Each structure stands twice: as structure tokens, then as C-alpha cells.
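Worksheet for the structure shown next.
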Amino acid sequence: DGGITQSPKYLFRKEGQNVTLSCEQNLNHDAMYWYRQDPGQGLRLIYYSQIVNDFQKGDIAEGYSVSREKKESFPLTVTSAQKNPTAFYLCASSIFRDRANVLTFGAGSRLTVL
Amino acid sequence: AQSVTQLGSHVSVSEGALVLLRCNYSSSVPPYLFWYVQYPNQGLQLLLKYTTGATLVKGINGFEAEFKKSETSFHLTKPSAHMSDAAEYFCAVSERDFGNEKLTFGTGTRLTIIP
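So the protein lines, in turn, are chains Z and A. According to the numbering used here, the first sequence is numbered sequentially starting from -16. According to the numbering used here, the second sequence is numbered sequentially starting from 2.
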């Protein structure tokens, strides 16, 4: 079945370390997104990519980096510059040119910084 | 700029009672509107969406929502709550700006069902 796979599901890291969250999709979707979810704050857009080798900053990109070398993959690196990285991270994808922009989400990765 | 306001971060209803989750939006152009549901430690699933046409939209699991332009609202309802409806619900808006279809989410409403 087609879908989005995020890994790892749970991740613990020490303060100051960079971590990379994986996101892979086999839906043949053009666009991919990373959201951060904190209690009571809903989902906030970190980065998005509409085509391979191109991506744009979202609303809270500081302290994060991404790459889009393949259509299927959109990894997110949480760098040591991110002041409060503990959160639930959600990857999503959609068909570009679908104006209704329906997102398909992965199951999420929970990052805890000790 | 677009925005979404969900009234009530927590809503509790008895099993079998009406579910009403409120959502108001702000958009400078005609919007696309969505409701997503999230079960604990999972991603979001689409419940329903409004694009054009009929303003009463039916979704999965017996939910529906009505787009009211004059009230800038898109409230989610279900006639009879079931225990399995306990989850967090997010309203979202997307502006019809081709090439810039980003979703803006509300802060969510956690629905609790009382047996």
C-alpha cells in the first residue's frame, strides 16, 4: 500500500547534537512538507518542497535544514541551533497542482532532547 | 494572510450526543477548507474538505461540515457521538493561490466522549 514512512518513531538526543529525521513516500507525490506539532499550538510549517532539488522555508525554519535529492525522500535535520527541538514532527505529501492540496501524513517522529 | 481559529481547545460530549466543533477562518481570497483528525501518536487523516459547490460537505465516519461565507465559519458536526470519535481535530485553510498552496492549521480541539 502507498503511504509515507517516517523514522525513527521515537528519538532521544543530547542537547547540542544534530539529528536527522527520515521521510519516505511511495505515493508519487510531487510536494512534501515538514510540520512541527507542540501541545496547544497546532501544526506549524517548517519547510516544504514542491519539486526535486527545490525547497522553501515555512513559518519556523530557523534551526532546521532539509534536502530533496529524490522525489520520494525529504529528510529533516534538526540542528544544534534549534533552541527548543523537543516536539512531534510530521511529514506530509500532496499532489502538486491539486489546488485543494489534500495532505497525506506520516505517523510522526517524536524527538526528545535531554 | 490566512488564519484559522478553533473555539474550544477541549470539548466533551456524552456518547450518542451531538458533536459540534467550531472553526472560523480568515482569508483574503476564496478559501479551501479542511477538517483533519489525529488519534494519539499518529499522523493526521482527512475527514472532509470544501472546495467549491455544495456548502454542506459530508466526510468519513458520519461527520459533516457547512461552509458559511457570511459567518466565515466551517463548523464540524456529527449527530451522534461514538467512543471511537475521541481524538484531536484540526481545521485548516488553504488559499487558492496556484503554486503556493500552503495549509494553515488551527490549534486543534481535543474531543472527549463520556460513556
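The beta carbon of each residue, even a glycine, is placed where N, CA and C say it ideally should be. On a predicted model such as this, the values are computed, not experimentally measured, just so you know.
With H, G and I counted as helix, E and B as strand and the rest as coil, what does DSSP make of residue -3/Z? Judged by DSSP in its simplified three-state form, residue -3/Z adopts coil rather than helix or strand.
Exposure of residue 56/A, with buried meaning 16 or more beta-carbon neighbours within 10 Å: If you draw a 10 Å sphere on the C-beta of residue 56/A, you find fewer than 16 other C-beta atoms in it, and that means exposed.
### Query
Sorted by chain position, which residues of the same chain lie with C-beta nearer than 8 Å to residue 62/Z's C-beta, five sequence neighbours on each side aside?
The beta carbon of residue 62/Z lies closer than 8 Å to those of 1, 46, 47 and 48 in the same chain, with the five residues before and after it left out.
(request) Taking only the alpha-carbon atoms, compute the straight-line gap between residue -9/Z and residue 58/Z and give it to the nearest angstrom. (result) If I take the Cα positions, the gap works out to 12 Å.
Item checked: According to DSSP, residues forming a beta bridge with residue 25/Z -> Paired residue(s): 21/Z.
**Prompt:** Relative to chain A, which residues along the segment 28 to 42 of chain Z have a C-beta separation below 8 Å, given in chain order?
**Reply:** Contact residues of the segment 28 to 42 of chain Z toward chain A are 28, 31, 33 and 41 (C-beta to C-beta distance below 8 Å).
N- and C-terminal bounds of the beta strand (DSSP E) containing residue 36/Z
Looking at the DSSP string, residue 36/Z is not in any beta strand (DSSP E), and its letter there is neither H nor E.
* Asked: Helix, strand or coil: how does DSSP classify residue 50/Z here?
  -> Three-state result, residue 50/Z: coil.
Nearest-angstrom Cβ-Cβ length linking residue 36/A and residue 66/A, presumed shorter than 8 Å: Cβ-Cβ separation between residue 36/A and residue 66/A: approximately 6 Å, consistent with a contact (criterion under 8 Å).
Review point. Taking the continuous beta strand (DSSP E) assigned at residue 28/A, which residues delimit it?
Key: Taken as a continuous stretch (DSSP letters only), residue 28/A belongs to no beta strand (DSSP E), as it is neither H nor E.
| task | Mind the definition here: the segment 68 to 76 of chain Z touches the segment 84 to 91 of chain Z only if three or more C-beta pairs lie below 8 Å; say whether that holds. | result | In the pairwise beta carbon analysis, the segment 68 to 76 of chain Z is classified as touching the segment 84 to 91 of chain Z: at least three pairs are separated by under 8 Å.
7 Å Cβ cut-off: residues of chain Z touching residue 106/A: Result: 25 and 26.
Proximal residues to residue 71/Z (C-beta, below 7 Å), its chain only, five neighbours per side dropped
Same-chain partners within the cutoff: 20, 91 and 93.
Partners in chain Z for residue 10/A, counting only beta-carbon separations shorter than 8 Å: Simply 23.
For residue -13/Z, is the classification buried or exposed, using 16 other Cβ atoms within 10 angstroms of its Cβ as the cut-off for buried?
-> Answer is buried; the Cβ neighbour count reaches 16.
So the beta strand (DSSP E) residue 38/A belongs to, where does it begin and stop?
Start and end: 32 to 39.
Can you check whether the C-beta of residue 84/Z is within less than 7 Å of a C-beta belonging to chain A?
With 7 Å as the cut-off, residue 84/Z counts as an interface residue toward chain A.
Ends of the beta strand (DSSP E) at residue 96/A?
Boundaries of the beta strand (DSSP E) harbouring residue 96/A: 88 to 96, taken from the DSSP string.
So residue -5/Z contacts chain A; which residues on that side make the cut at Cβ distance below 7 Å? Result: empty, since nearest Cβ-Cβ is about 16 Å, beyond 7 Å.
| Euclidean distance between Cα positions of residue 7/Z and residue 55/Z | Their Cα atoms are separated by approximately 5 Å.
Worksheet item: With distances taken between CB atoms, is the gap from residue -4/Z to residue 96/Z smaller than 7 Å?
Response: Contact: yes.
Are the CB atoms of residue 41/Z and residue 107/A nearer to each other than 7 Å? Not in contact: residue 41/Z and residue 107/A (Cβ atoms no closer than 7 Å).
For residue 40/A and residue 3/Z, the rounded distance between their alpha carbons: Rounded to the nearest angstrom, the two C-alpha atoms are 25 Å apart.
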